[in-house]
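Q: Handing you this structure, nothing more for now.
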Amino acid sequence: MKRTTISFALCVCFSLLCFSSCVTNNGNKKVTYFPEEVWRVDSLNDFQDPNSQFSVHRMIETPNLVAFWEPQFGESPETCEDPEYRIPMTDLMNEAEKMYCFFRDELKFVEEGNSLSDQYRLMLYFFYSDEGTVYGGGTDEKVGAMWINPNRVKKGPYGAIAHEMGHGFHYIVRCDKGRVFEGSIHEMTCQYMLWQYYPEWIVFENYHLVGFLEKNHLAFLHHANMYHSPFVLEYWASLHGKDLIGTLWNTVEEGEDILMAYKRHTNLTQEAFNDELHKGYLQFMTWDMERIREVSAPYINLHKTKLDQLKEGWWQVAKENCPQDYGYNGIELQVPAGGGEVALHFKGIAGAEGYEAINLDKAGWRYGFMALKENGERVYGETCSATEGTASFTVPEGTANLWLVVMGAPTEHHQLNMRSQTPMNEWPYQFKLTGTQPLQSL
């Protein structure tokens with residue numbers, strides 16, 4: 002039986018070039034592949050028959066893509082009689098072709114010259130349907146594919162196309178290399194690919210940022226954040242180049258998740274990985290990464306953390322915001338008048354009543370301060386790790402915003418299982434401040 006793989010997401014030059022061959026960067030000619038069986042396509046579909054559900058008589062080819070549409074659209078979805086189903090195919094296919102080249106040439110998700118994608122165009126099927134979901138994956142272990150409904154592609158930016166094309170690339174990586182990552186990283190990586198292509202993603206899909214800021218305490222790779230959070234991948238790319246994530250996908254070893262692959266690729270110990278990630282979370286308070294700094298400027302200083310006030314000036318993170326493995330809390334602090342030094346007394350309390358008590362011997366934290374000055378300059382404090390310890394920070398003159406960032410930093414990595422109902426590690430903590438106090442608690 003022919004195999005079709007689908008990944009789910011909520012979510013050409015316009016001319017008919019039937020059977021024309023197209024040339025890749027390395028000179029190889031691509032062809033359009035006609036599978037015998039495809040998900041959502043009639044089992045007896047004959048691509049040569051103009052009366053079939055999908056046919057070469059309703060087809061557009063570009064150098065890297067081929068699009069088919071159902072008969073109800075007419076000669077073209079762009080001129081569909083019903084405006085509710087009309088799709089700007091010229092613009093969409095031009096943009097999709099650019100996306101494909103960007104994912105291949107810039108993000109390096111396939112190894113050109115050594116990939117099935119050298120031979121076959123990626124396939125797009127357009128359905129005359131009211132369904133609001135778009136899908137991506139592949140078929141026959143040969144070709145990437147997308148299944149598209151009009152509701153998500155009536156106008157640009159075509160975020161849904163970029164996301165689902167990402168799934169098509171992941172399918173080809175599996176075909177080329179024999180393995181890929183499993184779990185929530187598929188959706189997270191598609192969002193990373195989308196954001197790399199459309200820097201304004203954080204604007205036109207801002208609801209994902211809103212969702213992430215409600216769940217940033219959850220474990221990295223937690224399924225609840227898989228659509229919300231390309232941010233760690235963006236941080237890694239800011240350190241090592243935008244093609245890093247594609248490299249990790251193409252070089253994954255048996256049994257690895259992306260965190261393990263990243264540590265291997267960068268030769269980081271668990272301790273060094275935790276230190277590096279915490280430094281990234283300090284940057285997240287103001288999205289201080291070169292590529293996204295300007296477009297993300299409206300969304301700085303938005304993190305919130307619920308805290309419980311204890312006696313004698315102590316605070317404790319609330320259960321609902323307690324950091325899990327590699328989750329974090331951003332706690333905004335009062336800016337002391339005239340600057341000066343602020344100090345923190347930190348106490349990790351793994352196993353405290355009311356919190357998950359799992360893998361307590363692997364408990365760990367990272368914590369530190371950062372300041373945003375009125376002139377836009379960022380100043381970062383030291384990343385600290387003692388289970389019970391102190392940290393201090395000299396608040397710069399002209400500081401507008403002051404933050405304490407605490408991260409759950411296990412001393413040993415444990416992989417997440419999306420299908421498991423096993424409780425997550427939780428790393429509760431208490432702290433006391435001198436020279437400042439939390440600005441607000443949820």
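Residues 2 to 443 in the numbering used here are what the sequence shown lists, from first letter to last. Beta carbons are placed, not taken as given, at the ideal position from N, Cα and C, and that holds for glycine. Small disclaimer: the values here were computed from a predicted structure and weren't measured.
Quick one: grab the DSSP three-state call for Cys385.
A: Here residue 385 corresponds to residue number 384 of the sequence shown, with the count starting at 1. Here Cys385 sits in strand by DSSP.
Q: For Glu96 versus Tyr159, is the C-beta distance shorter than 8 Å?
A: Translated into positions along the sequence shown, residue 96 becomes position 95. Translated into positions along the sequence shown, residue 159 becomes position 158. Yes, these two residues count as a Cβ contact at 8 Å.
Q: According to DSSP, simplified to helix, strand and coil, what is Pro439?
A: Here the question's residue 439 lines up with position 438 in the sequence shown. Strand.
Q: Assuming the contact rule is C-beta atoms closer than 8 Å, Leu311 and Gln431 should be a hit. Round their C-beta distance to whole Å, please.
A: Residue mapping note: residue 311 aligns to position 310 of the sequence shown, counting from 1. Residue mapping note: residue 431 aligns to position 430 of the sequence shown, counting from 1. Their Cβ separation, rounded to whole angstroms, is 7 Å, which keeps Leu311 and Gln431 in contact under 8 Å.
Q: Just reading off the alpha helix (DSSP H) that Lys348 is part of, what are its end residues?
A: Counting from one through the sequence shown, the residue named residue 348 turns up at place 347. Per DSSP, Lys348 belongs to no alpha helix (DSSP H); it is in the beta strand (DSSP E), 341-349.
Q: Alpha carbon to alpha carbon, how far is Thr388 from Ala238?
A: As a position in the sequence shown, residue 388 is number 387, starting the count at 1. As a position in the sequence shown, residue 238 is number 237, starting the count at 1. So the two alpha carbons sit approximately 30 Å from each other.
Q: Under 8 Å, do Ile203 and Ile293 count as touching if we go by C-beta distance?
A: For this step, residue 203 is matched to residue 202 along the sequence shown. For this step, residue 293 is matched to residue 292 along the sequence shown. Yes. Within cutoff.
Q: Please state the DSSP three-state secondary structure of Ser393.
A: For the purposes of this step, residue 393 is identified with residue 392 of the sequence shown, where counting begins at 1. Of the three classes helix, strand and coil, the one that applies to Ser393 here is strand, per DSSP.
Q: Leaving aside the five residues before and after Asp326 along the sequence, list all residues of the same chain whose C-beta is less than 6 Å from its C-beta, in chain order.
A: Here residue 326 refers to the residue found at position 325 of the sequence shown. Excluding positions up to five away in sequence, the list reads Ala220, Gly409, Pro411, Asn426.
Q: Hey, quick one: how far does the beta strand (DSSP E) through Glu272 stretch, first residue to last?
A: To locate residue 272, count along the sequence shown from 1; it is residue 271. Here Glu272 belongs to no beta strand (DSSP E); instead the alpha helix (DSSP H) covers 271-285.
Q: Do Ile259 and Leu249 have their CB atoms nearer than 8 Å?
A: In the sequence shown, the residue the question calls residue 259 occupies position 258. In the sequence shown, the residue the question calls residue 249 occupies position 248. Going by C-beta atoms, Ile259 is nearer than 8 Å to Leu249.
Q: Under the three-state reduction of DSSP, which class applies to Glu62: helix, strand or coil?
A: Taking the sequence shown and counting its residues from 1, one reaches residue 62 at position 61. Three-state result, Glu62: strand.
Q: Assign Arg367 to one of two classes, buried (16 or more other C-beta atoms within 10 Å of its C-beta) or exposed (fewer than that).
A: Reading the sequence shown from its first residue, position 366 is the one you call residue 367. Buried is the call here.
Q: Round the Cβ separation of Pro337 and Thr437 to the nearest angstrom and send it over; I've been treating them as touching at under 8 Å.
A: Within the sequence shown, numbered from 1, the residue matching residue 337 stands at position 336. Within the sequence shown, numbered from 1, the residue matching residue 437 stands at position 436. Yes, Pro337 and Thr437 are in contact; Cβ-Cβ is about 6 Å, under 8 Å.
Q: Looking at C-beta atoms only, is the number of pairs between the segment 280-291 and the segment 377-395 that lie closer than 8 Å three or more?
A: In short, these stretches touch, since the Cβ pair count reaches three.
Q: Can you pull the DSSP bridge partners for Glu333?
A: Working through the sequence shown from its first residue, we reach residue 333 at position 332. Glu333 pairs with Trp404.
Q: Going straight from the alpha carbon of Leu434 to that of Glu235, what length do you get?
A: Taking the first residue of the sequence shown as 1, we reach residue 434 at position 433. Taking the first residue of the sequence shown as 1, we reach residue 235 at position 234. Roughly 32 Å separates the two Cα atoms.
Q: Do Tyr172 and Met147 have their CB atoms nearer than 8 Å?
A: For the purposes of this step, residue 172 is taken as residue 171 along the sequence shown, with counting starting at 1. For the purposes of this step, residue 147 is taken as residue 146 along the sequence shown, with counting starting at 1. Taking 8 Å as the Cβ cut-off, Tyr172 and Met147 do not qualify as a contacting pair.
Q: Tell me whether Phe104 sits in a helix, a strand or coil according to DSSP, three-state version.
A: One-based indexing of the sequence shown puts residue 104 at position 103. The answer is helix: DSSP assigns Phe104 an H, G or I state.
Q: Quick check on Leu245: does DSSP put it in helix, strand or coil?
A: On the sequence shown, position 244 is the one that residue 245 refers to. It is helical.
Q: Exposed or buried, Tyr208, counting other C-beta atoms within 10 Å across all chains shown (16 or more means buried)?
A: By 1-based counting over the sequence shown, the position of residue 208 is 207. Exposed, since its Cβ has fewer than 16 Cβ neighbours within 10 Å.
Q: Decide yes or no for the touch test of the segment 38-51 against the segment 104-121: beta carbon pairs closer than 8 Å, at least 3 of them.
A: Short answer: they don't touch.
Q: Answer with buried or exposed for Thr63, where buried requires no fewer than 16 other C-beta atoms within 10 angstroms of its C-beta.
A: One-based indexing of the sequence shown puts residue 63 at position 62. Answer is buried; the Cβ neighbour count reaches 16.
Q: Beta-carbon within less than 7 Å of Pro424's beta-carbon, same chain only, minus the 5 sequence neighbours each way: which residues are those?
A: Against the sequence shown, residue 424 aligns to sequence position 423. Closer than 7 Å at Cβ, skipping near neighbours: Glu357, Ile359.
Q: Between His414 and Gln271, is the Cβ-Cβ spacing less than 8 Å?
A: Taking the first residue of the sequence shown as position 1, residue 414 is located at position 413. Taking the first residue of the sequence shown as position 1, residue 271 is located at position 270. Yes; because the gap between Cβ atoms is below 8 Å, this pair is in contact.
Q: Buried or exposed for Gln192, please, with buried defined as at least 16 other CB atoms from any protein chain shown within 10 angstroms of its CB.
A: The count along the sequence shown starts at 1 and reaches residue 192 at position 191. Gln192 is buried by the Cβ-count criterion.
Q: Determine, using beta-carbon pairs with one atom in the segment 303-322 and one in the segment 330-348, whether at least three such pairs fall under 8 Å.
A: Yes, the segment 303-322 touches the segment 330-348.
Q: Please classify Leu123 as buried or exposed, where buried requires at least 16 neighbouring CB atoms within 10 angstroms.
A: Along the sequence shown, one-based indexing puts residue 123 at 122. Burial call: buried.
Q: With burial defined as no fewer than 16 other Cβ atoms inside 10 Å of the residue's Cβ, what is the status of Ser53: buried or exposed?
A: Within the sequence shown, the letter at position 52 stands for residue 53. It counts as buried.
Q: Does DSSP classify Arg367 as helix, strand or coil?
A: Within the sequence shown, residue 367 is the residue found at index 366, counting from 1. Note: Arg367 maps to strand in three-state DSSP.
Q: Go to Phe1, then tell me how far its beta strand (DSSP E) extends in each direction, as first and last residue.
A: Missing from the structure shown is residue 1; the chain here goes from 2 to 443 and no further.
Q: Quick check on this structure: which residue in Trp316, Ala401, Arg265 has the alpha carbon closest to the alpha carbon of Gly339?
A: As a working mapping, residue 339 is identified with position 338 in the sequence shown. It is Ala401.
Q: What residues match up with Arg87 in a beta bridge as DSSP calls it?
A: In the sequence shown, residue 87 corresponds to position 86, counting from 1. Bridge partners of Arg87: none, in fact.
Q: Do Ala344 and Pro429 have their C-beta atoms closer together than 8 Å?
A: Against the sequence shown, residue 344 aligns to sequence position 343. Against the sequence shown, residue 429 aligns to sequence position 428. No, these two residues do not count as a Cβ contact at 8 Å.
Q: Which of the three DSSP states is assigned to Phe48 in this structure?
A: Translated into the one-based positions of the sequence shown, residue 48 becomes position 47. In this structure, Phe48 counts as coil in the three-state DSSP scheme.
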